[in-house]
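Asks: Before I ask anything, let me first share the structure, which is written out below as structure tokens.
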Amino acid sequence: DAKTTQPPSMDCAEGRAANLPCNHSTISGNEYVYWYRQIHSQGPQYIIHGLKNNETNEMASLIITEDRKSSTLILPHATLRDTAVYYCIVRVPHGSSNTGKLIFGQGTTLQVKP
Amino acid sequence: NAGVTQTPKFQVLKTGQSMTLQCAQDMNHEYMSWYRQDPGMGLRLIHYSVGAGITDQGEVPNGYNVSRSTTEDFPLRLLSAAPSQTSVYFCASSDYNEQFFGPGTRLTVL
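Read top to bottom, the protein sequences are chains R and Y.
Residue numbers for the first sequence follow the working numbering, so the first one is 9 and each next one is one higher.
Residue numbers for the second sequence follow the working numbering, so the first one is 24 and each next one is one higher.
Written out as structure tokens, the structure is:
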């Protein structure tokens, strides 16, 4: 699985958009970009994933650059409950030799401030 | 639908003791994994399973054993606990795209 690079911490004002960057310059053509978050000491929670097109769901949007070497997770209207560690992970989905495995880095600690 | 459950929530062991961390899921997922998380660190993969009867090692397998006799259960065994195994342990099961994590077991080895 490709390695990812994320800033260790970011701040965001409540109600504003939070934009979390991730670099994955060695990503392979069949690897997806996944985002998870971990609130306090809970188990990580899936947010969103994508291959090359931008994706949006009820939680967030994922913008992937055309060369796929970087991506940005966008929380459109951050709330205090979005304070968490956000992990960007690249991997091949099930059906490959990496089935079921996620390789976590250090992530970005997002602090949403009132 | 309980999702992924883990027991116990907290455990204190003495060096050399053995124990089993339990993990169960009711989503009929084939894929299950165990991770450990040390303070200030990301999660590291210990062992994983792609189905009943099939297990494989992750990044940090030493000191841990697993088995997968049923689709629902994936226990993690510590054979002889060491202080270096003090950590928070997360179990996960996954469908094609998403991993679902349990609430974690906080283990302290004295």
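For each residue, glycine too, the CB sits at the ideal point set by N, CA and C.
Fair warning: this is a prediction, and the values are worked out from it, not measured in the lab.
(1) Mind checking if H57 of chain R is an interface residue toward chain Y, Cβ cutoff 8 Å exclusive?
(2) What's the C-alpha gap between G127 of chain Y and V120 of chain R?
(3) Using a Cβ-Cβ cut-off of less than 8 Å, give me the residues of the region 60-72 of chain Y that come near chain R, in sequence order.
(4) Can you grab the Cα-Cα spacing for the pair N168 of chain R / E74 of chain R, in whole Å?
(5) With a cut-off of 8 Å, does the C-beta of N120 of chain Y fall near any C-beta of chain R?
(6) Based on the DSSP secondary-structure assignment, which residues constitute the bridge partners of S92 of chain Y?
(7) Would you say G86 of chain Y faces chain R, with C-beta separation under 8 Å as the test?
(8) Please go through the same chain and pick out, in chain order, the residues whose beta-carbon is closer than 6 Å to the beta-carbon of K37 of chain Y, but skip the five residues on each side of it.
(9) Could you give the distance in angstroms between the alpha-carbon of R129 of chain Y and the alpha-carbon of G63 of chain Y?
(10) Is it buried or exposed for K109 of chain R, if we count other Cβ within 10 angstroms and need 16 for buried?
(11) What residues from chain R crowd round V111 of chain Y, counting only those whose CB sits closer than 9 Å?
(12) Buried or exposed, going by whether 16 or more other CB atoms sit within 10 Å of the CB of Q80 of chain Y?
(13) Excluding sequence positions up to five away, which residues of its chain have a Cβ less than 7 Å from the Cβ of S78 of chain R?
(14) In whole angstroms, what separates the C-alpha of N27 of chain R from that of Y54 of chain Y?
(15) Under DSSP, the beta strand (DSSP E) around I77 of chain Y begins and ends at which residues?
(16) Whole angstroms are fine: how far does the CA of E82 of chain Y sit from the CA of D49 of chain Y?
(17) Return no unless some Cβ of chain R is closer than 8 Å to the Cβ of G39 of chain Y.
(18) According to DSSP, is R89 of chain R part of a helix, a strand, or is it coil?
(19) Cβ closer than 8 Å: which chain R residues qualify as neighbours of G76 of chain Y?
(20) Is the beta carbon of G65 of chain Y sitting closer than 8 Å to the one on G51 of chain R?
(21) If you measure from the beta carbon of N24 of chain Y to each beta carbon in chain R, is any gap under 8 Å?
(22) Does the beta carbon of Y54 of chain R sit closer than 8 Å to a beta carbon anywhere in chain Y?
Replies: On the basis of the coordinates in this document:
(1) So yes, H57 of chain R belongs to the interface.
(2) Using only the alpha carbons, I get a separation of about 25 Å.
(3) The residues in question are M64, G65, L66, R67, L68, Y71, S72.
(4) With chain R covering only 9 through 122, there is no way to say anything about residue 168 of chain R.
(5) By this cut-off, N120 of chain Y is an interface position.
(6) The partner list for S92 of chain Y (beta bridge, DSSP) is empty, contrary to what the question assumes.
(7) With 8 Å as the cut-off, G86 of chain Y does not count as an interface residue toward chain R.
(8) These residues qualify, in order along the chain: L133.
(9) When the Cα atoms are used, R129 of chain Y and G63 of chain Y turn out to be separated by approximately 15 Å.
(10) In this structure K109 of chain R is buried. Its beta-carbon is surrounded by 16 or more other beta-carbon atoms within 10 angstroms.
(11) Within chain R, the residues near V111 of chain Y are S49.
(12) When all chains shown are included, Q80 of chain Y counts as exposed.
(13) Excluding sequence neighbours, S78 of chain R sits near P29, C30, N31, H32.
(14) Each residue's alpha carbon lies about 31 Å from the other.
(15) For I77 of chain Y, the enclosing beta strand (DSSP E) covers residues 77-80.
(16) Their backbone Cα atoms lie some 26 Å apart in a straight line.
(17) Between G39 of chain Y and chain R, the shortest Cβ-Cβ separation is not below 8 Å.
(18) Residue state for R89 of chain R is assigned as helix, using DSSP reduced to three classes.
(19) What G76 of chain Y touches in chain R: nothing, since even the nearest Cβ is about 15 Å away.
(20) No, these two residues do not count as a Cβ contact at 8 Å.
(21) Not an interface residue.
(22) Taking Cβ atoms only, chain Y reaches closer than 8 Å to Y54 of chain R, which makes this a yes.
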